Amino acid sequence: MKHGKEHSAGGDEAVSLSKRSTLKWLGAGSVLLSGGALSLPAMAKSDNTACDNTSRLREIPYLGKHQAGVITPEQKEAIFLSLNLTVKTRDEVDSVFKRLTACISDLTRNRQAEKTAGDRMPPAESGILGTYLTADELTVTVSLGHSLFDDRFGFSHVKPQNFVEMTAFPNDRLDPDWCGGDILLQFCANSRETVIYALREVLRRLSGSVAPLWKIDGFLPARDIECRTTPVNLFGFKDGTGNGDAGDAALMDDLVWITKPEPSWIENGSYQAVRLIRFELEFWDRTPLEDQENDFGRHKATGAPMGKASEHDDPEFQRDPHGDRVLFDSHMRRAEPRTTERHVSKLRRRSYSYSLGLTPSGQLDMGLIFISFQNDLKKGFISTQKRLNGEPLERYIKPFGGGYYLVLPGISSAQNYIGESLITAARTQAVSPAD
84 MKHGKEHSAG
94 GDEAVSLSKR
104 STLKWLGAGS
114 VLLSGGALSL
124 PAMAKSDNTA
134 CDNTSRLREI
144 PYLGKHQAGV
154 ITPEQKEAIF
164 LSLNLTVKTR
174 DEVDSVFKRL
184 TACISDLTRN
194 RQAEKTAGDR
204 MPPAESGILG
214 TYLTADELTV
224 TVSLGHSLFD
234 DRFGFSHVKP
244 QNFVEMTAFP
254 NDRLDPDWCG
264 GDILLQFCAN
274 SRETVIYALR
284 EVLRRLSGSV
294 APLWKIDGFL
304 PARDIECRTT
314 PVNLFGFKDG
324 TGNGDAGDAA
334 LMDDLVWITK
344 PEPSWIENGS
354 YQAVRLIRFE
364 LEFWDRTPLE
374 DQENDFGRHK
384 ATGAPMGKAS
394 EHDDPEFQRD
404 PHGDRVLFDS
414 HMRRAEPRTT
424 ERHVSKLRRR
434 SYSYSLGLTP
444 SGQLDMGLIF
454 ISFQNDLKKG
464 FISTQKRLNG
474 EPLERYIKPF
484 GGGYYLVLPG
494 ISSAQNYIGE
504 SLITAARTQA
514 VSPAD
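The working numbering puts the first residue of the sequence shown at 84, with every later residue one more than the last.
Right under this line is the structure:
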């Protein structure tokens, strides 16, 4: 294993508590969170509730039409874990999905830590979050890898036609140990210990059924997440300026969520492109600012297009027909050329930075976990990346891993579970026994 990130109907709206409301329930002697009552004495016994941790009590519902973690506002910390299934039958895969759903249900709500049955038993949970477990805006997003649709479990005949396996682009140096996997789990929250706790709990509950393939940790600047400004990447440039408004449901339906003619079982899911990209930071840090800005097509300090004042100013390419202001081969102009076709290739980006220590040659092993969500891989990420092939920025980047994944639809009710639509489709359209 390699070690290295909707609204109420869609599972993406946090349940928040203000400081004023916190004081109210302290005075009243009880707190009500997401319909469940917790008495003040129970809270007082906890070793991690004495301080004001109101912000960590915010919950993001795991139920909804869509999974949380796709158009949910970015959290500060992330872990991406790729897993291969070690089970042999479709019924066992079904069991994995059910256990995973139960785990996500627990992890995404505030609750007392489970007590261990006895000293001679393994601890009921890791204990790293104390005795009262706060949700901390945790989301766990479940995606399926292309390899899951082979002949092992009888899923090949229900694979969406547009779901392709990631292949190398000219500048890629893909390491098989960092690519693919049957299942990808994206853990996001606002503290490192929360995502680590969630990771360990999932692996504990799925023990014997899955084998980790690769893992990488991501992070975003706290100042940007707290202020809801565009996050800055390790090149020092804003990352995600061109994102569409996640609050625009019609736009998200148009760009992100899968609909017909894809199979009905994956409707309300999405395609996820994951690219692990190493940055040549020592080289970059010795590059003149003028060259950096020309390569991106934006001013470093503000994120504004070259010659403009603000991040979201229109670059007005039509007034720069010869590429004198924003170079033709700049990242921005290639990625989003403002042509009539640009809308269909827009992405919902949700990337994180990473730091893995040092390379064998002693260089910084840092870079970007590029994440994009779209309802069509070819029109979305793949067409965008093809336009970027050969850009000057490639001198400073080296993609080495990742893959394309299929984000499962959301869980409609507590009586349902993640992946249920896939299991049902495979069983009702079965072409060979796989149970």
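No residue lacks a Cβ here, since even glycine has one placed at the ideal position from N, Cα and C. None of the values given here were measured: they were computed from a predicted structure.
Item checked: Bridge partners - L489, DSSP secondary structure assignment -> Reading the sequence shown from its first residue, position 406 is the one you call residue 489. Partner(s): L227, Y354.
Inset, instruction - Quick one: measure Cβ to Cβ for F411 and R433, integer angstroms, because I've assumed they're closer than 8 Å. - result: On the sequence shown, residue 411 is found 328 positions in, with the first residue counted as 1. On the sequence shown, residue 433 is found 350 positions in, with the first residue counted as 1. Actually they do not touch by this definition, with Cβ atoms about 28 Å apart.
### Message
On the criterion of 16 or more Cβ atoms from any shown chain inside 10 Å, does H395 qualify as buried, or is it exposed?
### Response
Residue numbering aside, residue 395 sits at position 312 when the sequence shown is read from its first letter. Residue environment: H395 is assigned as exposed (fewer than 16 neighbouring CB atoms within 10 Å of its CB, all protein chains considered).
What's the call for N316, buried or exposed, on a 16-neighbour Cβ count within 10 Å?
Sequence index remark: in the sequence shown, residue 316 carries index 233 (1-based). Buried: at least 16 other Cβ atoms inside 10 Å.
* Asked: Where does the unbroken beta strand (DSSP E) through F456 begin, and where does it stop?
  -> Within the sequence shown, residue 456 is the residue found at index 373, counting from 1. Segment 447-457, the beta strand (DSSP E) holding F456.
With H, G and I counted as helix, E and B as strand and the rest as coil, what does DSSP make of A196?
Here residue 196 corresponds to residue number 113 of the sequence shown, with the count starting at 1. Here A196 sits in coil by DSSP.
*Would you check if the distance between the CB atom of R173 and the CB atom of G237 is smaller than 8 Å?*
Counting from 1 along the sequence shown, the entry for residue 173 is found at position 90. Counting from 1 along the sequence shown, the entry for residue 237 is found at position 154. Taking 8 Å as the Cβ cut-off, R173 and G237 qualify as a contacting pair.
Exercise for review: With a threshold of 16 other CB atoms inside 10 Å of the CB of M389, please say whether the residue is buried or exposed.
Suggested key: Looking up residue 389 in the sequence shown gives position 306. When all chains shown are included, M389 counts as buried.
Please return the same chain residues whose Cβ sits closer than 7 Å to the Cβ of E220, not counting the five positions on each side in sequence. For this step, residue 220 is matched to residue 137 along the sequence shown. So the qualifying residues of the chain are A97, R141, I143, Q158, A272, N273.
Exercise for review: Report back the beta-carbon spacing between V357 and I501 to the nearest angstrom; my notes put them in contact at under 8 Å.
Suggested key: Translated into positions along the sequence shown, residue 357 becomes position 274. Translated into positions along the sequence shown, residue 501 becomes position 418. The pair is not a contact, with the Cβ atoms about 19 Å apart (cut-off 8 Å).
**Prompt:** Would a C-beta distance cut-off of 8 Å place P475 and D378 closer than the cut-off?
**Reply:** On the sequence shown, position 392 is the one that residue 475 refers to. On the sequence shown, position 295 is the one that residue 378 refers to. Yes, the pair counts as a contact, with Cβ atoms nearer than the cut-off.
Report yes if the CB atom of F400 is closer than 8 Å to the CB atom of R416, and no otherwise. The residue you call residue 400 lines up with position 317 of the sequence shown. The residue you call residue 416 lines up with position 333 of the sequence shown. Their beta carbons are under 8 Å apart, which means F400 touches R416 by this criterion.
Check: How is the alpha helix (DSSP H) around W367 delimited, first residue to last?
Finding: One-based indexing of the sequence shown puts residue 367 at position 284. Here the alpha helix (DSSP H) through W367 covers 364-368.
Legend entry - Candidates L216, W367, R203, E197: closest to Y479 by CA position: As a first step, residue 479 is located in the sequence shown; it is residue number 396 there, counting from the start. Here the closest residue by C-alpha is W367.
Below 8 Å, how does it come out for the stretch 181-199 and the stretch 281-288: are there three or more Cβ pairs, yes or no? Yes, since at least three Cβ pairs between the stretch 181-199 and the stretch 281-288 fall closer than 8 Å, the two stretches touch.
Practice prompt. Please report the Cβ distance between L372 and M449, rounded to the nearest whole angstrom; I am assuming they are in contact, meaning their Cβ atoms lie under 8 Å.
Written response: What you label residue 372 is simply residue 289 of the sequence shown in a count that begins at 1. What you label residue 449 is simply residue 366 of the sequence shown in a count that begins at 1. That pair is no contact at about 20 Å.
| said: Let me confirm a value: Q195 is counted as buried when at least 16 other C-beta atoms fall within 10 Å, else exposed. Which label applies? | reply: Here residue 195 refers to the residue found at position 112 when the sequence shown is read from its first residue. Q195 is exposed by the Cβ-count criterion.
_So G263 and S230 are supposed to be a Cβ contact under 8 Å. How far apart are they, rounded?_
For the purposes of this step, residue 263 is identified with residue 180 of the sequence shown, where counting begins at 1. For the purposes of this step, residue 230 is identified with residue 147 of the sequence shown, where counting begins at 1. Their Cβ separation, rounded to whole angstroms, is 6 Å, which keeps G263 and S230 in contact under 8 Å.
message = For the structure I just gave you, are there three or more beta carbon pairs, one from the stretch 151-168 and one from the stretch 301-314, closer than 8 Å?
response = Under the Cβ criterion (8 Å, minimum of three pairs), the stretch 151-168 counts as touching the stretch 301-314.
Could you check where the alpha helix (DSSP H) with D174 kicks off and where it finishes?
-> Within the sequence shown, residue 174 is the residue found at index 91, counting from 1. Under the DSSP assignment, D174 falls in the alpha helix (DSSP H) whose first and last residues are 173-190.
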